[in-house]
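UniProt numbering applies: residue 1 is where the sequence shown begins, and numbers increase by one. The beta carbon of each residue, even a glycine, is placed where N, CA and C say it ideally should be. These numbers come from a predicted model, not from an experiment. One structure below.
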Amino acid sequence: MGKQQSSVLEERQDFIIYNKKNTKKQATFQCDQQSTSGAVSQRACVYCGARVVLNPITDAVHIIHGPIGCASYTWDIRGSLSSDKEFYRNSFSTDLRERDIIFGGEKKLSAAIDEIMATHDPKVIFVYATCVVGVIGDDLGAVARQAEAKYGIRVIPVQSSGFAGNKSSGYKAACDAILDLMSSADSTRPPVTAKDPKAFNFLGDFNLAGETWLVKRYFEEMGVKMITAITGDSTCEALQNAPNASFNIVQCAGSMHYLANHMKETYGIPFAKISFYGIEDIVDSLRTIAALTRDDDVIRRTEALIQREAEKTAFALNAYKKRIAGKTVAIYVGGGFKAISLIKQFNDLGLKSVMVGTQTGQKDEYEVIQDLAEEGTVILDDANPTELENFIKEKGADLLVGGVKERPLAYKLGVAFIDHNHERKHPLCGFEGALNFAKEVDLTLNSPVWQYLKQSDKSDADHGNIKSIEPIEKFA
């Protein structure tokens, strides 16, 4: 596999490969494992994964049972938007202190629920366990049942103690909570004698910068009906009606494959993986949805939509391709589906992906990445900042695509950067998003700042100053 530099820990060797074409898949490549102790993983904790999934439910209250620091996940920290209530963007905390840790925090949690019920009118309350709650053993289930009996609403515990796994474990904890919410309506949901073959749920979209609304316009033009996104701009009632769907589409497989499988087992709802990032995947996804309806009119309308939007977008993209083609890019994102779409998207724009990594990618996703990536591309799972820095420098990447934790690294190295995480404020999905993405790639790669950095580097060299990193020309 081409051994890495000595800066890579021995325990991490099998999580990093140099891609080889025309050979069997590198069987030694490891992924979807617990992070190596001491490696300073970029992954988030279980609690964070649970909040990512559940936070966009617009009419739910989120109580963080733990120290106040965990409640920092609050107003405007994510780009998930709402067409109705804004209350979901607040966090509530039991603010556990030393005394609560010693004597238990269940009474404080009960009091917090009482206070919320006295001042607000939530339809559902999610109660999140944090690290310290997992240690002291507070019984969230018992407190939740008492509150449900007292107030007649759903109070759902989320078993998300931060140390009990990683972000992927948090996804599963959130999906279990959603399944709990769905099942609570099983006895009261009107029986469906015949499901609408055009009705579906969109799993793994969180309405970042209004992306759910954007693709919903496509669905309306196609003549299909989205019951709910899970969980972008969703409501508790819509989630309870989700079992009425004829099929599910799954975008963020890392967070939602677990839920899709359980809905298939419990409610008999089949699912298909899709992605609305990049022209190639957008077109394939729209056709997949149309085919699932088995409706000739839907298929006809879908093809008309694709022809109009793809031609219009391709024409607009040509102007950007001329300015950015030939550059190299390093990709490090959360899930495998996004990395796959990004490789295709960069290929279409004329950029070469020289490093590709994810935090929670699955084996089948890495196999697709290996097929798409060129010979010698570095492929890595659950990387740390030192590894990312070394491979970005080794490969001479011009651009890094990542999230908020990777941004400082890009700035340190003098490399252009694009935020493809949950904090962004502009849509990157759909045909409009593909154009936004190309525009952002152009803006960051061709920013005048790189010329100023080159001039500064030359000035330092002329005065004999020693640089702590390699010359910026390698990266700009």
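Looking at C-alpha atoms only, which residue of the options is the closest neighbour of residue i?
i: Q13; options: I379, I269, A272 and K412; result: I379
i: I289; options: L81, S246, T119 and G433; result: S246
i: K338; options: E394, D281, N390 and Y151; result: D281
i: K393; options: Y411, D381 and V404; result: Y411
i: Y88; options: G137, G232 and E374; result: G232
i: C31; options: Q451, E387 and G357; result: G357
i: K150; options: V133, D114, F103 and G134; result: D114
i: P448; options: H422, A416, K425 and S35; result: A416
i: L445; options: L349, E237, H426 and P385; result: L349
i: G361; options: A373, T377, D381 and K352; result: D381
i: A330; options: D284, V401 and A291; result: V401
i: K363; options: Y258, E10, K21 and Q33; result: Q33
i: T188; options: E237, E148, Y171 and D205; result: E237
i: L372; options: D84, I343 and M355; result: I343
i: R78; options: V404, A173 and Y452; result: V404
i: D320; options: D419, K439, L453 and L409; result: Reading off the sequence shown, one finds Tyr at residue 320, where the question assumed Asp. Minimum Cα distance to Y320 is reached at K439.
i: L413; options: K425, A229, D419 and L388; result: L388
i: V8; options: G38, N22, K20 and K21; result: G38
i: F219; options: A185, N166, G141 and I306; result: I306
i: R425; options: D398, L399 and F206; result: Checking the sequence shown, residue 425 turns out to be Lys, not Arg. Ranking the options by Cα distance to K425, first place goes to F206.
i: K352; options: I136, N384, L399 and E309; result: L399
i: A229; options: S83, Y47 and T386; result: S83
i: T386; options: T28, V40 and T36; result: V40
i: I418; options: C429, L409 and V441; result: V441
i: E365; options: S161, I116, C429 and H257; result: H257
i: P243; options: E221, D186 and K108; result: D186
i: N90; options: S72, Y452 and N421; result: S72
i: D176; options: N347, S160, N390 and P191; result: S160
The alpha helix (DSSP H) with residue i in it runs from where to where?
i: N390; result: P385 to K395
i: F271; result: From DSSP, F271 is part of no alpha helix (DSSP H) but of the beta strand (DSSP E) over F271 to K273.
i: F202; result: Premise fails: F202 lies in the beta strand (DSSP E), A199 to L203, not in any alpha helix (DSSP H).
i: K322; result: D296 to I324
i: H257; result: A253 to Y267
i: E440; result: G430 to L445
i: K107; result: E106 to T119
i: E280; result: I279 to T293
i: F103; result: E98 to F103
i: K172; result: K167 to S183
i: I369; result: K363 to L372
i: Y151; result: L140 to Y151
i: L239; result: C236 to Q240
i: R407; result: R407 to L413
i: L54; result: V46 to L54
Determine which residues share a DSSP beta bridge with residue i and list them.
i: L158; result: What sits at residue 158 in the sequence shown is Val, not Leu. Beta-bridge pairing links V158 to Y128.
i: D381; result: T358
i: G402; result: D419
i: L329; result: What sits at residue 329 in the sequence shown is Val, not Leu. Partner(s): S353 and L399.
i: V135; result: V135 pairs with nothing; no bridge assigned.
i: Y18; result: V378
i: L208; result: S80
i: F92; result: I63
Below 8 Å on the Cβ atoms is my contact criterion, and I expect residue i with residue j to pass it. Report the Cβ-Cβ distance as a whole number of Å.
i: I208; j: S80; result: In the sequence as displayed, the identity of residue 208 is Leu instead of Ile. Indeed, because the Cβ distance is near 6 Å, the residues count as touching under 8 Å.
i: Q345; j: G278; result: 4 Å
i: G335; j: G254; result: 4 Å
i: V250; j: L203; result: 5 Å
i: F271; j: V215; result: Contact flag wrong, Cβ pair sits at about 17 Å.
i: P427; j: E265; result: In fact, because the Cβ distance is near 33 Å, the residues do not count as touching under 8 Å.
i: G376; j: Y18; result: 6 Å
i: E423; j: Y332; result: So it is not a contact: roughly 15 Å between Cβ atoms.
i: N384; j: Q146; result: N384 to Q146, Cβ: 43 Å. No contact.
i: V143; j: E106; result: 5 Å
i: N166; j: V46; result: 7 Å
i: G162; j: I136; result: In fact, because the Cβ distance is near 14 Å, the residues do not count as touching under 8 Å.
Specify, as a first and last residue, the run of the beta strand (DSSP E) that residue i falls within.
i: V250; result: F247 to V250
i: T228; result: K225 to I230
i: I63; result: A60 to H65
Any heavy atom of the ligand ADP within a distance shorter than 8 Å of the CB on residue i?
i: E98; result: Questions concerning the ligand ADP fall outside what the structure shown contains, since it holds no ligand whatsoever.
Query raised in the report: If you pair each beta-carbon of the region 52-62 with each one of the region 125-133, do three or more pairs fall below 8 Å?
Result: yes
Is the number of C-beta pairs between the region 190-204 and the region 222-231 that are closer than 8 Å three or more?
The region 190-204 vs the region 222-231: in contact.
Margin query: Check whether the region 150-158 and the region 173-184 touch, using three or more Cβ-Cβ pairs below 8 Å as the test.
Written below: Yes, the region 150-158 is in contact with the region 173-184.
Count the C-beta pairs between the region 304-316 and the region 423-438 that are closer than 8 Å, then say yes if the count reaches three, no if not. yes
Review point. Using 8 Å as the Cβ pair cut-off and three pairs as the minimum, do the region 65-73 and the region 90-110 touch?
Key: yes
Inter-stretch contact at 8 Å, needing at least 3 Cβ pairs: the region 318-330 / the region 290-310 | no
| message | Check whether the region 36-54 and the region 167-176 touch, using three or more Cβ-Cβ pairs below 8 Å as the test. | response | Touching, per the Cβ criterion.
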